[in-house]
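Colleague: In my numbering, the protein residues as written are 1097 to 1226.
Next up, the structure:
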């Protein structure tokens, strides 16, 4: 099972079992899910298999060699996030690709840390009920 699917299941479980508790953990997990979706979108922008993104709105405001892209992503639970990104028009040919991969690695690292926190939380809940 992929990290994204596992994170979504964990969030769903937390929301079901603890609707009025652990808001910070739920927000952190939602943020993590969004970051995974965004990093997946950046690494596969034209993928037809990406069902986690509800819609994309792409606009450009150009000044000389720079452009501004606004991508609005809708999360499965109806929340909307807006991400701003500035870059050169020839982004695919620039060294930003390496930076993007580094960002993806950073997001994956954060994801693993978040999942570890959730596992620790779950084990602490299970051990306290026994």
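A virtual CB, placed ideally from N, CA and C, is assigned to each residue, including glycine.
#1: Look up residue 1114 in the DSSP assignment and say whether it is helix, strand or coil.
#2: Leaving out five residues on either side along the sequence, give the residues of the same chain with a beta carbon under 6 angstroms from the beta carbon of residue 1204.
#3: Quick one, are the C-beta atoms of residue 1110 and residue 1214 less than 9 angstroms apart?
#4: Can you give me the C-alpha to C-alpha distance between residue 1103 and residue 1136, rounded to a whole angstrom?
#5: What number of angstroms, rounded off, separates the C-alpha of residue 1224 from the C-alpha of residue 1216?
#6: Would you please state the rounded distance, in angstroms, between the beta carbons of residue 1130 and residue 1207? I believe it to be under 8 angstroms.
#7: State the Cα-Cα distance for the pair residue 1116 and residue 1105, rounded to the nearest angstrom.
#8: Out of curiosity, what's the CA-to-CA distance linking residue 1124 and residue 1108?
#9: Could you tell me if residue 1139 is buried or exposed, where buried requires 16 or more neighbouring beta carbons within 10 angstroms of its beta carbon?
#10: Determine the closest residue to residue 1099 out of 1212, 1220 and 1218, with distance taken between C-alpha atoms.
#11: Can you give me the C-alpha to C-alpha distance between residue 1112 and residue 1218, rounded to a whole angstrom?
Modeller: On the basis of the supplied data:
#1: Numbered from its first residue, the chain shown carries residue 1114 at position 18. Residue state, collapsed to three classes: coil.
#2: Here the question's residue 1204 lines up with position 108 in the chain shown. No residues qualify anywhere along the chain.
#3: Taking the chain shown and counting its residues from 1, one reaches residue 1110 at position 14. Taking the chain shown and counting its residues from 1, one reaches residue 1214 at position 118. By the CB criterion at 9 angstroms, residue 1110 and residue 1214 fall inside the cutoff.
#4: By 1-based counting over the chain shown, the position of residue 1103 is 7. By 1-based counting over the chain shown, the position of residue 1136 is 40. The alpha-carbon atoms of residue 1103 and residue 1136 are separated by roughly 14 angstroms.
#5: Locating residue 1224 in the chain shown gives position 128, where the first residue counts as 1. Locating residue 1216 in the chain shown gives position 120, where the first residue counts as 1. Each residue's alpha carbon lies about 12 angstroms from the other.
#6: Translated into positions along the chain shown, residue 1130 becomes position 34. Translated into positions along the chain shown, residue 1207 becomes position 111. Contact doesn't hold; Cβ gap of about 11 angstroms is too wide.
#7: Residue 1116 sits at position 20 when you count from the first residue of the chain shown. Residue 1105 sits at position 9 when you count from the first residue of the chain shown. Those two C-alpha atoms are separated by around 18 angstroms.
#8: Along the chain shown, one-based indexing puts residue 1124 at 28. Along the chain shown, one-based indexing puts residue 1108 at 12. One C-alpha to the other measures close to 13 angstroms.
#9: One-based indexing of the chain shown puts residue 1139 at position 43. Looking at its Cβ environment, which holds fewer than 16 other Cβ atoms inside 10 Å, residue 1139 is exposed.
#10: Working through the chain shown from its first residue, we reach residue 1099 at position 3. The residue with the shortest Cα to Cα distance from residue 1099 is 1212.
#11: For the purposes of this step, residue 1112 is identified with residue 16 of the chain shown, where counting begins at 1. For the purposes of this step, residue 1218 is identified with residue 122 of the chain shown, where counting begins at 1. Their Cα atoms are separated by approximately 14 angstroms.
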